[in-house]
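Accompanying notes for the structure given below.
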Amino acid sequence: MRRILTMNRESNLRALASDGVFDVLVIGGGATGLGAALDAASRGYRTALIEAKDFAHATSSRSTKLVHGGVRYLAQGNIPLVREALRERAILLRNAPALVREVPFIVPLYHYLDAPFYFTGLKIYDLLAGRYGLSPTKLLGASKTLEHLPGAQPKGLVGGVLYSDCQFDDARMAVALARTAADQGAVVLNYMPALRFLREGGKSSGLGKLSGVVARDEESGREVEVRARAIINATGIFVDEIRTEDSPAAKPMLRWSRGSHLVFPRALLPMQSAIMVPKTDDGRVLFAIPWHNHVIVGTTDVEAERAVHDPVPTSVEAEFILAQLNRYLDSPLTVEDATASFAGLRPLIRQDANSTAGLSREHSVTVAASGLVTVAGGKWTTYRRMAEDAVDKAVEMAGLPAAPCRTAGIVLAAEPDTAAMVSADSTLAAPLHPNLPYIYADVVAAARQEMARTAEDVLARRTRSLFLDLAASSDCAAPVAAVLARELGKDADWAGQQQAALLALCAPLRAVLRPKTA
Ligand SMILES: Cc1cc2nc3c(=O)[nH]c(=O)nc-3n(C[C@H](O)[C@H](O)[C@H](O)COP(=O)(O)OP(=O)(O)OC[C@H]3O[C@@H](n4cnc5c(N)ncnc54)[C@H](O)[C@@H]3O)c2cc1C
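Numbering-wise, this note's numbering puts 379 at position 379 of the sequence shown, and it's gapless, one number per residue.
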């Protein structure tokens, strides 16, 4: 029988406060931190993870949702990075089959001379995958290309290059990682920011080896001391804040680049395959990828001044995305056709480069004098390798008994099955909204099994409503908050606050979808 893996915040909180000294404490519950918690727990180390907001609240829920070797890195000649990512792609397909799927991508061709260039390049991509390869790259004629991409600009179309890659649901993958880590014995907590460090001998900031952190339970306001032999800083775009808390003299290691996306209903872009635009005006690639009955189009690469929790696309970025996409469409789309917009910040390791587009996507693992292990950079596709490297370093630094990494062989927790809930209460079969592919049983499952604590957790990351349709998400915020309040034992005031918070989050994202007034 299939085991249902659930996470209970109250019991995890008790375990965090009373479990003595952990071997490994991970700060940050995005792809990297959750991967590190799963890695450490499955090697047999006593492991805890604390996340300031919700799992995958930051960059890890705002990706383009590709599990890929990165054709862009191939073009840059970064062969080792591509090979590693292609191997990780295969591991993810095997270990999370419900969340990762192969998708056909097409590069539409409007010049005969482009065909050999893109066909050869993508054949090399196949070759680099070796035994981890998917369906082979093919050259298509114009009419076959239009069969895959109805609505593509037929004028001047000479054909297309068809290749395969994978896509996934990033925030759901994060929840699957959290549940699997918990199943392996890790104590995982959301809404639990690390505030400051504890040091051996009670020494003050910047002096002495770390022995733990003081974290705050955001729901009660209570501070908790968590002791650990090794501490991994996996806070993504925020790693420099933690490094400075450890040592005020720490030199910043990150820059940030914003990547924005627009989301359209599939009815407006009824494509069977994804489109890969190989060269945008700023020399990048752009994707239009079918996802949950919608199509995600992105992304951009714009230097961001600082790390923020909820970045918002600008109207200039929205217009840029549309301009690049519309060149490939028979009937151009407008910003009003989009149902959602979202942006994420890339954590890029500082190098001597003039623009963020030239910076490395590879990861780095560093150890401070205090013993703090910081892991940063990389991409979702390679989270498992980043986690392995970070845990290896933490084990070495803390002198823990060595144990081999096991995560390549661990199948991630399956998606919750809501059928039993619906048969117990048929009202839970009601859809959240006619434009959203979710039912109220998903809200209940999110609260009971997946540690969802707010309406935003449910609508943005347990379901992906906010990433699909902002207006529909705003419309159902009140009933969703009411069902969640019932599940979590909260009152009507709490539900009202949840609705207000959700509407405030949606407002700037919806503003991007309005045409600019002259
Ligand atoms: C626009 C965009 C598109 C992308 N597309 C892809 C793609 O298609 N495929 C791919 O493979 N990769 C992609 N990436 C890269 C990938 O999303 C990131 O590399 C990955 O999500 C980073 O995960 P992380 O865990 O390191 O960081 P994050 O996801 O940012 O997680 C860090 C966490 O730390 C928490 N935190 C911060 N401070 C504290 C504290 N004091 N205490 C406790 N917790 C704290 C934060 O709340 C956050 O949840 C994309 C990135 C961007 C920006």
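Every residue gets a Cβ at the ideal spot worked out from N, C-alpha and C, and that includes glycine.
- In the DSSP assignment, Thr427 falls outside any alpha helix (DSSP H), carrying neither H nor E.
- In terms of Cα proximity to Arg43, the closest of Gly409, Ala115, Ser315, Arg266 is Gly409.
- For Asn326 and Leu333, the gap between their C-alpha atoms comes out near 7 Å.
- Counting of Cβ neighbours within 10 angstroms places Lys279 among the exposed residues, the total staying below 16.
- Relative to ligand 1, Asp282 has its C-beta separated by 8 Å or more from all heavy atoms.
- For Gly141, same chain residues with a beta-carbon under 7 Å away, outside a window of 5 residues either side, are Gly159 in chain order.
- Scanning Glu336, Asp310, Ala419 for the CA closest to the CA of Leu505 turns up Asp310.
- If you compare the alpha carbons of Asp417, Ser465, His68 with that of Asp165, the shortest gap goes to His68.
- DSSP links Ser260 through a beta bridge to Ala343.
- For Val411, same chain residues with a beta-carbon under 6 Å away, outside a window of 5 residues either side, are Asn95 in chain order.
- No residue range can be given for Lys65, since it is assigned to no beta strand (DSSP E) and is classified by DSSP as neither H nor E.
- Separation of the CB atoms of Asp469 and Leu436 is rounded to 6 Å, and the pair is thereby assigned contact status at 8 Å.
- Annotation for Met192 indicates a beta carbon within 8 Å of some heavy atom of ligand 1.
- Approximately 17 Å separates the beta-carbon atoms of Ala387 and Ile237; this is outside 8 Å, ruling out the contact.
- In the same chain as Ala115, and ignoring 5 residues on each side of it, the C-beta atoms closer than 6 Å to its own belong to Leu109, in chain order.
- In this structure, DSSP gives Lys138 an extended state, which the three-state scheme calls strand.
- His294 has its CB no nearer than 8 Å to any heavy atom of ligand 1.
- Placement of the Cβ of Arg350 at a distance of 8 Å or more from every heavy atom of ligand 1 is found.
- Assignment of Phe55 by DSSP, reduced to helix, strand and coil, places it in the coil class.
- For Met421, the secondary structure class from DSSP, reduced to helix, strand or coil, is helix.
- For the set Ser18, Met173, Pro104, Lys123, the Cα lying nearest the Cα of Gly30 is the one of Met173.
- A check of alpha carbon separations from Val21 across Glu218, Val161, Val187 identifies Val187 as the nearest.
- Of the other Cβ atoms in all chains shown, fewer than 16 fall within 10 Å of the Cβ of Gln272; this residue is therefore exposed.
- In the same chain as Leu74, and ignoring 5 residues on each side of it, the C-beta atoms closer than 8 Å to its own belong to Val82, Gly121, Ile124, Tyr125, Leu128, in chain order.
- Shortest gap from the CB of Lys123 to any heavy atom of ligand 1: 8 Å or more.
- Where Gln167 is concerned, the enclosing beta strand (DSSP E) starts and stops at 159-168.
- Note that the C-beta distance between Thr339 and Leu513 is below 9 Å.
- Note that the C-beta distance between Cys476 and Leu432 is below 9 Å.
- Closer than 8 Å to some heavy atom of ligand 1: that describes the Cβ of Lys53.
- Here Ser426 is exposed: its Cβ has fewer than 16 other Cβ atoms, across all protein chains shown, within 10 Å.
- Proximity of the beta carbon of Thr382 to ligand 1 is indicated: a heavy atom of the ligand is located closer than 8 Å.
- Excluding residues up to 5 positions away in sequence, Arg384, Ala408 lie with their Cβ nearer than 8 Å to the Cβ of Ile91 in the same chain.
- Taking every protein chain shown into account, the CB of Arg46 has 16 or more other CB atoms within 10 angstroms, so this residue is buried.
- Note that the C-beta distance between Ala171 and Leu262 is not below 9 Å.
- Residues of the same chain with a CB within less than 6 Å of the CB of Ala441, apart from the 5 flanking positions on each side, are Thr418, Met421, Val422, Leu428 in chain order.
- A distance criterion of 8 Å places the beta-carbon of Ala56 in contact range of ligand 1, judged by its closest non-hydrogen atom.
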